[in-house]
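>
Residue numbers (our numbering), protein chains in the order written: chain A, 1 to 250; chain B, 251 to 711.
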């Protein structure tokens with residue numbers, strides 16, 4: 001039985017809270033100083049070279065950089081979701097560590113040259129509509145976990161198959177969830193005869209998106225159960241041999 | 251006459267003190283066969299009755315989940331001590347009686363030592379000892395172990411109980427119509443396997459099988475009635491629509507509160523903690539409260555950290571501007587300004603939200619709510635096919651998925667474990683928070699905390 005000792009309610013100690021906060025913050029700082037730093041340097045390299053091609057006539061032509069070429073080549077995959085090549089590239093680098101998604105945007109827009117902050121630049125550049133922005137958030141929530149996580153999944157399951165499976169199914173689930181949000185939003189926009197900006201559509205989309213993910217995951221669990229249980233019985237609650245752990249397992 | 255007596259009870263309720271009082275502190279310390287858990291035995295003679303006393307490990311319950319519980323349980327089931335002294339804390343009956351009910355089911359010959367009796371009286375509890383003894387059908391002796399009070403009375407009750415062993419009928423724990431019917435039916439089937447029913451109380455076996463107790467399921471593996479029993483178990487799952495284990499536990503607690511209603515008179519001191527639980531964990535409100543707190547957490551994180559993030563942003567913009575004007579080499583200037591200060595600054599801006607998120611989470615944790623959130627989510631987890639125990643890794647996953655995946659090691663069944671591992675990366679780790687905040691404030695403006703909550707709760711699924 002999952003008997004849990006429920007502790008008495010207590011007034012939190014500030015000291016304890018501060019310690020915990022600092023521990024998490026320090027982890028983030030360490031990560032920022034190592035893997036994120038390296039990731040960002042590589043994003044910078046890829047977005048500024050070939051130098052001559054990128055820096056022409058006093059301007060910056062990001063499309064000519066390696067990252068631009070790469071981003072453009074994967075853009076078609078994400079076009080359905082309304083992500084442009086910059087967003088696609090950011091997602092790609094997010095595979096190293098999810099913080100780099102934001103770092104990529106920052107590097108691409110060369111923040112130092114403007115005093116504005118990143119979110120207003122994104123808004124001004126019109127990279128996302130509320131709808132695609134929401135889809136992008138959902139996509140980054142679900143898609144391929146970072147390298148470190150995949151590594152630990154491999155270590156704990158001792159199987160590359162499970163590690164690869166995690167990455168793959170999350171990618172597919174992310175795409176499906178983001179796509180359904182965009183699709184629902186678009187339908188709503190057409191229904192509203194093009195009058196965009198009814199904030200409600202995003203809420204619709206988010207609720208439906210949540211439901212989609214919920215049922216999608218539930219479906220997936222059921223599928224996984226049957227994959228995992230040797231009897232091949234897909235029922236979650238009704239299979240006595242499986243559910244009660246009585247069947248022999250190799 | 252020589253009798254065997256076992257001492258059982260929650261940890262820290264004075265069980266060891268009672269053991270020392272009874273045996274005079276002369277204990278033989280060994281190990282439980284094949285286990286690293288310490289076994290203490292001692293002797294005493296009382297009015298011509300020689301007692302061999304065994305101190306069982308302190309436990310809250312008698313499931314098969316930990317070695318301690320298993321040892322205590324197996325000892326009672328298999329060794330069948332003449333008397334089991336159940337040490338119960340008088341001021342904490344509600345929690346302590348849980349194990350008493352399980353002992354009744356094991357058909358143990360119980361004597362309750364109602365310890366810390368003085369504390370309960372100081373707190374203003376009025377406990378009707380006679381009524382408690384009547385309702386449970388076992389003798390109840392108030393004790394104050396630390397002052398060696400009530401020990402003679404306890405010994406009297408023990409030798410009397412030993413004499414009455416097997417002569418009186420113990421009350422059976424009733425779980426209400428539907429469950430009782432299933433339990434009786436399964437017990438009747440189990441009765442036919444004489445090898446099992448000769449050793450184990452069949453009702454107890456039936457209850458444990460319903461609960462899916464791994465140890466008991468192994469017991470019946472070779473039984474000729476196994477198929478019939480498992481069929482009833484799967485029927486129970488359909489009928490109850492919930493984890494039978496959770497339903498039975500809930501029933502036990504409601505039986506306890508029924509008993510307490512009759513036994514505790516005067517004003518039952520209700521702690522503030524109890525009152526809070528009544529509100530926060532009430533059937534109807536617990537999920538809305540959970541979601542509301544989650545939303546408040548994100549709102550707090552987002553609003554409070556904004557100022558600090560702006561400051562960091564300004565610092566890095568200034569540094570970047572400085573670098574681009576002070577460094578002559580255009581490539582190096584771009585590397586330092588755009589790459590290092592721009593990129594890193596863009597990430598470090600999210601240091602404040604991470605600090606404040608964990609500030610809020612720590613407050614929830616320290617206040618005791620987070621443990622309750624696990625309780626609230628337990629049912630939801632079960633509904634989607636995950637084990638209740640998966641919630642802790644899920645919670646850790648909110649910080650970072652790497653330690654969370656490692657934390658799944660506490661889950662014993664392989665299938666549950668792999669499922670938890672595979673779904674853990676769906677938890678929104680703190681690295682993803684910057685993305686929500688950035689995109690959220692870029693496209694949604696001040697509404698940003700709402701989708702953040704949605705994503706946060708999405709990740710809970």
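Cβ coordinates follow ideal geometry from the N, Cα and C atoms, glycine included.
Ends of the beta strand (DSSP E) at residue 257 of chain B?
252 to 259 is the span of the beta strand (DSSP E), which, as asked, contains residue 257 of chain B.
> Please confirm whether residue 684 of chain B has its beta-carbon closer than 7 angstroms to some beta-carbon of chain A.
Yes, residue 684 of chain B counts as interfacial toward chain A.
> Are residue 328 of chain B and residue 451 of chain B closer than 7 angstroms when you measure CB to CB?
No, the Cβ-Cβ distance between residue 328 of chain B and residue 451 of chain B is not below 7 angstroms.
> Can you give me the Cβ contacts of residue 514 of chain B inside the same chain, cut-off strictly under 8 angstroms, excluding the 5 residues immediately before and after it?
These residues qualify, in order along the chain: 343, 375, 376, 377, 378.
> Could you tell me the alpha carbon to alpha carbon distance between residue 144 of chain A and residue 543 of chain B, rounded to whole angstroms?
Spanning the two alpha carbons is a distance of roughly 29 angstroms.
> I'd like to know if the segment 604 to 614 of chain B and the segment 21 to 36 of chain A are in contact, where contact means that at least 3 CB-CB pairs between them fall below 8 angstroms.
Yes, the segment 604 to 614 of chain B is in contact with the segment 21 to 36 of chain A.
> Consult DSSP for residue 336 of chain B and reduce its assignment to one of helix, strand or coil.
Residue 336 of chain B falls in the strand class under three-state DSSP.
> Tell me the DSSP secondary structure of residue 1 of chain A in three-state form.
Reliability of the predicted coordinates at residue 1 of chain A is poor, the pLDDT of 32 falling under 50, and the value obtained from them is presented with this limitation in mind. Residue 1 of chain A: coil per DSSP, three-state reduction.
> Note down, in chain order, each residue of its chain lying with its Cβ closer than 7 angstroms to the Cβ of residue 592 of chain B, except the 5 sequence neighbours on either side.
Within the same chain, residue 592 of chain B has close Cβ partners 570.
> Whose Cβ in chain B lies nearer than 8 angstroms to the Cβ of residue 107 of chain A?
Near residue 107 of chain A (Cβ distances below 8 angstroms), the residues of chain B are 588, 589, 592, 593, 596.
> Answer yes if the segment 580 to 594 of chain B comes into contact with the segment 25 to 45 of chain A, meaning at least three C-beta pairs across the two stretches below 8 angstroms, and no otherwise.
Cβ pair count under 8 angstroms is three or more, so yes.
> Taking only beta-carbon positions, decide if residue 616 of chain B is within less than 7 angstroms of chain A.
For residue 616 of chain B, the answer is yes, since a Cβ of chain A falls inside 7 angstroms of its Cβ.
> Please report the distance separating the alpha-carbon of residue 111 of chain A from that of residue 493 of chain B.
Bear in mind that the predicted position of residue 111 of chain A carries a pLDDT of just 49, short of 50, making it unreliable; the figure below should be weighed with that in mind. About 54 angstroms.
> Check each residue of the segment 92 to 107 of chain A: if its Cβ is closer than 9 angstroms to any Cβ of chain B, include it; give the result in chain order.
Correct list: 94, 97, 98, 99, 100, 101, 102, 103, 104, 105, 106, 107.
> So which of B/489, B/337, B/405 has the shortest CA-CA distance to residue 427 of chain B?
Comparing Cα positions, the closest option is B/489.
> Looking at the C-beta of residue 160 of chain A, does it have a partner C-beta in chain B at a distance below 7 angstroms?
With 7 angstroms as the cut-off, residue 160 of chain A does not count as an interface residue toward chain B.
> Between the C-alpha atoms of residue 82 of chain A and residue 523 of chain B, what's the straight-line distance to the nearest angstrom?
Taking the straight line from one Cα to the other gives about 50 angstroms.
> According to DSSP, is residue 172 of chain A helix, strand or coil?
Helix.
> Contact defined as beta carbons within less than 8 angstroms: I believe residue 644 of chain B pairs with residue 674 of chain B. What is the distance between those atoms, to the nearest angstrom?
Indeed they touch by this definition, with Cβ atoms about 7 angstroms apart.
> Name, going along the chain, the residues of the segment 36 to 53 of chain A whose beta-carbon falls closer than 7 angstroms to a beta-carbon of chain B.
Within the segment 36 to 53 of chain A, the qualifying residues are 36, 37, 40, 41, 43, 44, 48, 51.
> For residue 664 of chain B, which three-state DSSP category applies?
Residue 664 of chain B: helix per DSSP, three-state reduction.
> Any beta-carbon of chain B closer than 7 angstroms to the one on residue 73 of chain A?
Taking Cβ atoms only, chain B never reaches closer than 7 angstroms to residue 73 of chain A, which makes this a no.
> Apart from the five residues on each side of it in sequence, which residues of its chain come closer than 6 angstroms, Cβ to Cβ, to residue 67 of chain A?
46, 47, 89, listed in sequence order.
> Go to residue 421 of chain B, then tell me how far its alpha helix (DSSP H) extends in each direction, as first and last residue.
That residue, residue 421 of chain B, is in no alpha helix (DSSP H); it is neither H nor E in DSSP.
> Determine whether the Cβ of residue 692 of chain B lies closer than 7 angstroms to any Cβ atom of chain A.
Judged by the 7 angstroms Cβ criterion, residue 692 of chain B is in contact with chain A.
> Do you know how far the Cα of residue 579 of chain B is from the Cα of residue 711 of chain B?
The predicted model places residue 711 of chain B with a pLDDT of 37, which falls under 50 and marks its position as unreliable; any figure quoted below should be read in that light. Taking the straight line from one Cα to the other gives about 51 angstroms.
> Could you tell me if residue 132 of chain A is buried or exposed, where buried requires 16 or more neighbouring beta carbons within 10 angstroms of its beta carbon?
With 16 or more other Cβ atoms within 10 Å, it is buried.
> Does the beta carbon of residue 286 of chain B sit closer than 7 angstroms to a beta carbon anywhere in chain A?
Low per-residue confidence applies at residue 286 of chain B: pLDDT is 47, beneath 50, and the placement is therefore not dependable, though the value from the model is reported in the following sentence. Taking Cβ atoms only, chain A never reaches closer than 7 angstroms to residue 286 of chain B, which makes this a no.
> Can you name, in chain order, every residue of its own chain whose Cβ lies under 6 angstroms from the Cβ of residue 301 of chain B, other than the five neighbours on each side?
Excluding residues within five positions, the ones whose Cβ falls inside 6 angstroms are 253, 255, 294.
> Using a Cβ cut-off of 8 angstroms, pull out every chain A residue sitting near residue 672 of chain B, in sequence order please.
Going along chain A in sequence order, the residues near residue 672 of chain B (Cβ under 8 angstroms) are 153, 162, 165, 166, 169, 224.
> If we define contact as Cβ-Cβ less than 7 angstroms, is residue 474 of chain B a contact residue for chain A?
Not closer than 7 angstroms to any Cβ of chain A, the Cβ of residue 474 of chain B fails to qualify, so no.
> Applying a beta-carbon distance threshold of less than 8 angstroms, which residues of chain A neighbour residue 209 of chain B?
With chain B covering 251 to 711 only, the question about residue 209 of chain B has no answer from this structure.
> Check whether the Cβ of residue 575 of chain B sits closer than 6 angstroms to any heavy atom of the ligand FAD, and report yes or no.
No copy of the ligand FAD appears in this structure; indeed no ligand is present at all.
> Identify whether residue 240 of chain A lies in helix, strand or coil by the three-state DSSP scheme.
Annotation note: pLDDT 31 at residue 240 of chain A (below 50); position unreliable, coordinate value reported separately. In this structure, residue 240 of chain A counts as helix in the three-state DSSP scheme.
> Report yes or no: is there a C-beta of chain B within less than 7 angstroms of the C-beta of residue 84 of chain A?
No, residue 84 of chain A does not count as interfacial toward chain B.
> Quick one: residues in its chain with C-beta nearer than 8 angstroms to the C-beta of residue 594 of chain B, no 5 flanking neighbours on either side, listed in chain order?
Hits under 8 angstroms: 566.
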